[in-house]
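Worksheet: one structure, shown below.
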Amino acid sequence: MGKKLTSRSEDYSKWYNELVVKADLAENSGVRGCMVIKPYGFAIWEKMQAQLDKMFKETGHENAYFPLFIPKSYLSKEASHVEGFAKECAVVTHYRLKNAEDGSGIVVDENARLEEELIVRPTSETIIWDTYRKWIQSYRDLPILVNQWANVVRWEMRTRLFLRTAEFLWQEGHTAHATEQEALEEAEQMMHVYADFVENYMGVPVIKGTKSESERFAGAVETYCIEALMQDGKALQAGTSHFLGQNFAKAFDVKFANKEGKQEYVWATSWGVSTRLMGALVMTHSDDNGLVLPPNLAPIQVVIVPIYKGLDQLDAISEKVEPLVKELRAKGISVKYDKRDTHKPGFKFNEYELKGVPVRIAVGQRDLENGTYEVARRDTLQKESVKAEDILEKVASLMTEIQENIFKKALDFREERITAVDTYEDFKKVIEEKGGFVSAHWDGTTETEDKIKEETKATIRCIPLNAETEAGSCMISGKPSTQRVLFAKAY
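My numbering numbers the first residue of the sequence shown as 885 and each following residue consecutively.
Below is the structure:
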């Protein structure tokens, strides 16, 4: 399998980059800032996508698709929205190429300039709300609960696989409602759906909350978020849900006749998660040996490796293993029986350890004679001998045990790295030396928030939901505060 990974303690960033590539999740492409998601990585994303899609549909949402291109004039209709995305937009100006007259190659045809430039979507609020204007006339047309699985482009200059790329995959929900209360309930509901998915499928504990004004989505009245903590002590925003008020309805003149026949503007939400979740999955659980995948999302949950000398032994092992493969699959467990003769068992063990396969079963001649299997779990690297008659029950129980164990390990890690401070000096010391979430009082002003960010690179990750009221004073200004907020350095 080649050279071992750089250790997390030596260089966490390098460890992450090496792991994503060596575990066959993704690689950089020929287009600067864009990635190729390889089959193994895409298989994990497909499982994420399938589960999220199921959860969206269970809450009444339907999928649709909207154009990749957005007329520039649409983006400029909502002032804070365009300001938030203007510096990240890719712009299409021409629609044709031609051969250069001097024979030097292909050039842009200067006579094929678009009448209006098109923006490659950084997000779809504007094109969708222009469409909703045609769909909505009456309260009977509401609510509209639509989700889109798509790619978006945000022209990032400093990129990292999965965490920040110029093009990425995501889903974006866009809903329209008759009342403010309905829209608020929708935005909160989707935050809870995301938290449910991230904790129970990805095994990543999150903190639910709202964003400060300066950290909100461009054009939102309120942004709900779930924040996770990575092993290097940095936070990662795992999902956001936005209450958009009537901002986009007013920008695109989307009105409806209420039950009394009066015209009102529609209330809106949008919400999304992206392939950034792949980065969160890697960084939360993995170790210096490679990926550690939660069974609920692992493309291969169990790999079986035969250890043999000669085809006769392989045939005898296969005769025992192949019925087991069928029985495991009948229980809904994904299994790979790797009997390749091009690689030795040791190579295969390292390969599947690197790829984070939750359970590995080895079976050799001695196992055949003893009626046993050697079972290794990826999360703890523990091995044990299991009787053949107990193997089905053992593997099924390991799926649950491993899922619960990696969540608990990540939760314990996070809880140890939430530190309450009361002074700015203590704040700076914890941010620099310990990392993690720092719980502190803040006076609610952008000026104080900006000062902290400028001096420490820490931002307000979230204002926790349902947090206890606690009288205190801002660590910077000394002004009164009624609640602590969570700061951290972040991806």
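Think of the CB as a built atom: it goes at the ideal place given N, C-alpha and C, for glycine as much as any other residue.
As the structure is a computational prediction, the values presented were derived from the model and not from experiment.
- Assignment of Leu1161 by DSSP, reduced to helix, strand and coil, places it in the helix class.
- Counting along the chain, Val905 sits inside the alpha helix (DSSP H) bounded by residues 896-906.
- The C-alpha of Ala1246 is placed about 10 Å away from the C-alpha of Tyr1221.
- The three-state secondary structure of Leu1349, taken from DSSP, is coil.
- Within the same chain, and ignoring the five residues on either side of Tyr1236 in sequence, the residues whose Cβ sits closer than 7 Å to its Cβ are Val1187, Arg1244.
- Residue pairing of Ser1365 in beta bridges, as defined by DSSP: Gly1356.
- Rounded to the nearest angstrom, the Cβ distance from Thr1168 to Ala1079 is 14 Å, too far for a contact under 8 Å.
- With a 10 Å radius around the Cβ and a threshold of 16 neighbouring Cβ atoms, Met1041 comes out exposed.
- Taking Arg1038 as reference, the option from Gly989, Lys1318, Ile1336, Cys973 with the minimal CA-CA separation is Cys973.
- A residue is called buried once 16 or more other Cβ atoms fall within 10 Å of its Cβ, and Gln1185 is buried on that count.
- When the five nearest sequence neighbours on each side are left out, the beta carbons in the same chain lying within less than 7 Å of the beta carbon of Val1314 are those of Thr1303, Val1305, Val1322, in order along the chain.
- Between the C-alpha atoms of Ser897 and Phe1371 there is a straight-line separation of about 21 Å.
- One Cα belongs to Lys1018, the other to Ile1028, and the distance between them is close to 12 Å.
- For Val1205, the uninterrupted alpha helix (DSSP H) run begins and ends at 1195-1214, by DSSP.
- According to the DSSP secondary-structure assignment, Thr1124 is paired through a beta bridge with Cys1109, Gly1156.
- In terms of Cα proximity to Leu1026, the closest of Thr977, His1058, Val1090, Ile1275 is His1058.
- In the DSSP annotation of this structure, the continuous segment of the alpha helix (DSSP H) that includes Leu1282 starts and ends at 1275-1300.
- A contact between stretches requires three or more CB pairs, one per stretch, nearer than 8 Å, and the region 1350-1366 fails this requirement with the region 1117-1125.
- Tyr958 places its beta carbon less than 7 Å from that of Asp1014.
- Closest option to Ile1275, judged by alpha-carbon separation, among Lys1228, Lys1204, Leu1195, Lys1095: Lys1204.
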